[in-house]
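Numbering (UniProt numbering), first residue to last: 1 to 790.
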């Protein structure tokens, strides 16, 4: 007897032994190709393909379409556009389809985090995105996407345009479902009026039953089509042994429909097809408005990515897709175009509008070797650019990623609320069953409908939306301020800060330093002293170092350079040791340090002193005054000399000054502050990095060193100090709105539950109340998108 290949259905040749275990049984295959494909399907967790297929696979179709699409994401060239790599660690932002509540997020996080190789996964229910990190040596992206698909959700790397298209498609489907539910509700309500009020006089029994059958016909499309999203969400939850928000809603609708169906067929009892239609209609209205509001909150970061053009122009005039650009490629950016990729200018002097990054509308002048960022807007001159970052690692992609990460954070009160919401569904089901039992004894005719009211009215949707929507809106607002959030606790900690520790150079001062005078001590020309200083300072990224950039020349080369953090830089020039830095570093610990001075030595001999000017930021004084008025302690903590620090502190009103502090000194100071102090550190230099990492909350200036920005919780992209004040006001308002949302959602459920159990809440009022509570919470959060008062 001939055997058929389990995969493709063709005859299995004799004397072959190709087998795969599928659905608990060993299945025979006709060839190595089918064996490999079948094993791939099993290994990828898509064995359900064999359960639900309607025909054998064709030979030419190597894997099912779903798995084919996912396997493409393992290609390194494809991944380069959206995956961020660091050694074996890879990270991607995913778009999710089907996530409707906190229970969905919890389910995905719980199931996927258990997979081998997964380092972390966090889901944002407001933006319908997730950040997934995995070990590339242990698992593949396609396998993890398959795991999410198995749960009933769709996942793919986040792309703004695709997510927007998916959103519009989903909204169109909701409108269709809403329209059918609305039309059916109107028709069934008219028939219900005839049945309950008998407006046509005494109806014959056959006419009453006729109206019931017509109502059934109108209500059935509502149940089978309009209410389908609620059943799908409920089935996902039940299949994964969790209780989501749509479980009680689906149970209520299914029970009501089948009870009315039985009453229609048997011609006994009451029918409530109008309640079923209204349930679906009001639920869909609420879900539709909620989706629109959440979309508005989540749109800001996605819109940033749309600023990156799709096409770039190479120097030879060829136009290529931006996604194909590689590091080192050279392109031309024409006047009025958005910059297609992060890179450095190799020719031209242009004005770049960076308002989408910094919130500052005044264009920034950029010259050769200056960096520009994807999505920023070129002015009136064309320029040539060398690509230095892939799209996945671009500044704008990092901003979107970090905003998503910040939105995933939850205050402790919100984490408790999510846990309560999950268990509350189980409690609701128990209470609903108890309510039915009680009323079945007291008033059997009303027991069923009172139980349905309890199930619907108390669904804790608003409770699960209270925090994520507020955080999404607040993070979007922070982006408009030109503030990049890097850590998850910023909103919580900003509200608690009571001790501000601030650096001087590049923070309270502009850091736009210019060399105003050169005092020569030895027999060396001013140009040579400046050239040696520039060669040394080229190995640093500090405002003072940048002041020497213009004096460099190609003939002056310094070797064996070492950056002595907090003191200066040393190296070798023509076989001699050269050093530049503070007075104590060059002249000795006991040397007198003059204000605003840097010293240069050759072989230990002091040869030049450079005087510089560093104007104080015009907003620095008001910035410090407003913090002092809030009762916050202020400390100026700087590695600069005491003389320089005292000048700045006196002018802007800081009384506590700690100067000449090296990185370890700064960290030691931070460790010895009062344990009741919640510290916020603002700095910009390499020597600030340890303190930034050690403070409760840290802010790095956008123009500062990369290592400082990597250590900070927030990055102030536009270097405007007043934005920190606005951020603090926003954090306080966010905390207030989260508390309002939680108070409303908890208060509503605690109020409506006893009323529903007592039979005082009609089913239609229950569904209106439940939908309204969710809309109120989301609308309250949207207030955070409005401009804050100064």
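Using N, Cα and C, we set each Cβ at its ideal position, and we do this for glycine too. Computed from a predicted model, the values in this text were never measured in an experiment.
Would you kindly check if the distance between the Cβ of residue 723 and the Cβ of residue 804 is under 7 angstroms?
-> The requested residue 804 is not part of the displayed model; the chain covers only 1 to 790.
Spatial neighbours of residue 123 within its chain, please: CB distance less than 6 angstroms, with the 5 preceding and 5 following residues excluded, ordered by chain position.
-> If we look at residue 123 and ignore the five residues flanking it on each side, its Cβ neighbours are 105, 108, 109, 130.
Flag this pair as touching only if the region 327 to 341 and the region 369 to 382 have three or more C-beta atom pairs under 8 angstroms; answer yes or no.
-> Because the criterion of three Cβ pairs below 8 angstroms is met, the region 327 to 341 and the region 369 to 382 touch.
Under 8 angstroms by Cβ, that's how I've got residue 13 and residue 94 pegged, so tell me the actual separation to the nearest angstrom.
-> Contact annotation, residue 13 with residue 94: C-beta distance approximately 43 angstroms; criterion of less than 8 angstroms not satisfied.
What residues are listed by DSSP as bridge partners for residue 27?
-> Residue 27 pairs with 20.
Alpha carbon to alpha carbon, how far is residue 330 from residue 388? Give it in angstroms, no decimals.
-> Rounded to the nearest angstrom, the gap between the Cα atoms of residue 388 and residue 330 is 10 angstroms.
When burial is assigned at 16 or more other CB atoms within 10 Å of the CB, is residue 624 buried or exposed?
-> It is buried - the Cβ of residue 624 has at least 16 other Cβ atoms within 10 Å.
Bridge partner(s) assigned by DSSP for residue 84 = DSSP, once it has assigned bridges, lists 91 as partnering residue 84.
Where DSSP assigns a beta bridge to residue 332, which residues make up the other side?
-> Bridge partners of residue 332: 313, 384.
When the Cα atoms are used, what is the spatial distance from residue 731 to residue 713?
-> Our two residues, residue 731 and residue 713, have alpha carbons roughly 14 angstroms apart in a direct line.
What residues in its chain sit with their C-beta under 8 angstroms from that of residue 425, if we drop five residues either side in the sequence?
-> Hits under 8 angstroms: 103, 243, 244, 245, 247, 248, 459, 460.
Does DSSP classify residue 635 as helix, strand or coil?
-> Of the three classes helix, strand and coil, the one that applies to residue 635 here is strand, per DSSP.
Count the CB pairs spanning the region 175 to 195 and the region 269 to 285 that are closer than 8 angstroms, and state whether there are at least three.
-> Taking one beta carbon from each stretch, the region 175 to 195 and the region 269 to 285 have 3 or more pairs nearer than 8 angstroms; the two touch.
Tell me, which residues are paired with residue 523 by DSSP?
-> DSSP lists no partner for residue 523.
Among 466, 681, 626, 768, which residue has its Cα nearest to the Cα of residue 778?
-> Taking each of 466, 681, 626, 768 in turn and checking the Cα distance to residue 778, the smallest one comes out for 466.
Based on the DSSP output, what are the partners of residue 516 in its beta bridges?
-> According to DSSP, which records beta bridges pairwise, residue 516 is partnered with nothing at all.
Would DSSP call residue 481 helix, strand or coil?
-> In the structure shown, residue 481 sits in coil (DSSP, three-state: anything other than H, G, I, E or B).
Using the C-alpha atoms, what's the distance from residue 114 back to residue 149?
-> Taking the straight line from one Cα to the other gives about 15 angstroms.
What's the C-alpha gap between residue 90 and residue 510?
-> Their backbone Cα atoms lie some 37 angstroms apart in a straight line.
What is the C-beta distance between residue 519 and residue 84, in whole angstroms, given that I count them as a contact (C-beta under 8 angstroms)?
-> Here residue 519 is actually not in contact with residue 84; their C-beta atoms are around 49 angstroms apart, not less than 8 angstroms.
Taking all protein chains shown into account, decide if residue 588 is buried (16 or more other Cβ within 10 angstroms of its Cβ) or exposed.
-> When all chains shown are included, residue 588 counts as exposed.
Uninterrupted alpha helix (DSSP H) stretches inside the region 561 to 590 (no shorter than 4 residues) = You should have 583 to 587.
Does the distance from the C-beta atom of residue 155 to that of residue 96 stay below 7 angstroms?
-> It is a contact, given that the beta carbons lie within the stated cut-off.
Ends of the beta strand (DSSP E) at residue 791?
-> Only positions 1 to 790 of the chain appear in this structure, which leaves residue 791 out of reach.
Would DSSP call residue 266 helix, strand or coil?
-> Of the three classes helix, strand and coil, the one that applies to residue 266 here is helix, per DSSP.
Residues that residue 343 bridges to, as DSSP identifies them | Residue pairing by DSSP places residue 343 opposite 372, 387 in a beta bridge.
Where residue 791 falls: helix, strand or coil (DSSP) | No answer is possible for residue 791: the residues shown for the chain start at 1 and end at 790.
Could you tell me which residues DSSP pairs with residue 156 in its beta bridges?
-> Beta-bridge pairing links residue 156 to 95.
Bridge-paired residues (DSSP) for residue 682 = DSSP output for residue 682 lists 502, 699 as bridge partner(s).
Please list the segments of the beta strand (DSSP E) lying wholly inside the region 414 to 459, counting only runs of 3 or more residues, in order along the chain.
-> Runs of the beta strand (DSSP E) lying entirely within the region 414 to 459, each at least 3 residues long, are absent.
Apply the 10 Å Cβ neighbour rule to residue 568 and answer buried if 16 or more other Cβ atoms are within range, or exposed otherwise.
-> By the neighbour-count rule (16 or more Cβ atoms within 10 Å), residue 568 is buried.
Are the region 488 to 503 and the region 673 to 686 touching, with three or more C-beta to C-beta distances below 8 angstroms?
-> The region 488 to 503, when compared against the region 673 to 686, does touch it at the 8 angstroms Cβ threshold.
Residues that residue 610 bridges to, as DSSP identifies them = Answer is 518, 598, bridged to residue 610.
Report the rounded CA-to-CA distance for residue 598 versus residue 525, giving the unit in angstroms.
-> The alpha-carbon atoms of residue 598 and residue 525 are separated by roughly 17 angstroms.
Residues in its own chain within less than 7 angstroms of residue 789 by CB, not counting five upstream and five downstream?
-> Because the pLDDT at residue 789 is just 42, under 50, the model does not fix this residue reliably, and the point stays unresolved.
For residue 4, write down the residues that DSSP places opposite it in a beta bridge.
-> Looking at the DSSP assignment, residue 4 forms a beta bridge with 11.
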